[in-house]
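When we follow our numbering, the leftmost residue of the sequence shown carries the number 58, and every step to the right adds one.
We put the CB at the ideal spot given by N, CA and C, even for glycine.
What you are looking at is a predicted structure, and each value in this text was computed from that prediction instead of being measured.
To start, the structure itself, in structure tokens.
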Amino acid sequence: MANVDDESRRKHAFELVNTAYREQLSGNLEEAIRLYEASIACWPTAEGHSFLGWSLSVKGDLDAAIAECKKAIDLDPDFGNPYNDIGSYLIHQGKVDDALPWLERALQAKRYEPRHYPHCNLGRVYQAKGMLMKAIEEYEKALAIAPDYEYARQALADSRAQLN
């Protein structure tokens with residue numbers, strides 16, 4: 058059973074992650090990275106590592122971002138964000154075949170809210186491979202989950218246009 062000090066550290070770590078996330082969304086990337094790292098030093102969490110990876114990816118360091126996501130998975134294999142993020146980073150590196158298993162694992166993750174993202178990323182992979190019908194299926198799945206997601210709507214239209 059966790060003691061009071063452990064629970065306090067864990068709670069503080071999540072507070073730091075939430076503050077870092079707000080800083081990142083506000084464009085304060087360096088402060089966000091500092092806060093994610095402070096969170097991890099306080100109590101390592103899948104969220105801390107995954108979101109630190111996201112920050113590092115914004116800076117262009119995709120290899121470090123992937124490493125952080127793998128640490129997140131080691132801490133919590135049920136957390137879906139790092140699987141999708143690794144897939145996305147591999148797509149950016151031009152490694153579309155390597156991205157597939159990560160994106161499929163994101164869809165299977167027990168704890169993952171933005172489930173439309175891996176469908177869109179799978180669509181990107183299939184589109185890059187010229188598998189337009191599969192891409193269209195994935196974009197349609199994304200829109201079934203998030204009907205207002207403009208990226209999926211545009212990607213679906215682009216894929217359909219490529220068929221004609």
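Around the CB of V74, 16 or more other CB atoms lie within 10 Å, so the residue is classed as buried. Under the three-state reduction of DSSP output, R67 falls in the helix class. Buried is the label assigned to A166, since at least 16 other Cβ atoms lie within 10 Å of its Cβ.
When secondary structure is reduced to three states using DSSP, R91 falls in the helix class. For K191, the uninterrupted alpha helix (DSSP H) segment begins and ends at 189–202.
Only residues of its own chain outside the window of five on either side were considered, and among them I148 have a CB closer than 7 Å to the CB of R181, listed in chain order.
Segment contact: the region 125–136 against the region 104–111, three or more CB-CB distances shorter than 8 Å; contact assigned. When secondary structure is reduced to three states using DSSP, R168 falls in the strand class. Taking 8 Å as the cut-off, the Cβ atoms of S216 and L179 do not count as close.
Straight through space, the alpha carbons of C177 and N138 are spaced by roughly 14 Å. About 5 Å separates the Cβ atoms of S96 and A70, confirming a contact at the 8 Å cut-off. Shortest Cα-Cα distance from Y140 to any of L157, Q150, G151 involves L157. Linking K191 to Q211 through their CA atoms gives a straight-line distance of about 16 Å. Inclusion of S112 and L86 in the CB contact set at 8 Å is warranted, their separation being smaller than that value.
Rounded to the nearest whole angstrom, the C-alpha separation of H173 and Y183 is 15 Å. In the assembly as shown, L220 is an exposed residue. Its beta-carbon has fewer than 16 other beta-carbons within 10 Å. Of the residues A163, D133, E125, A209, the one whose Cα lies closest to the Cα of Y196 is A209.
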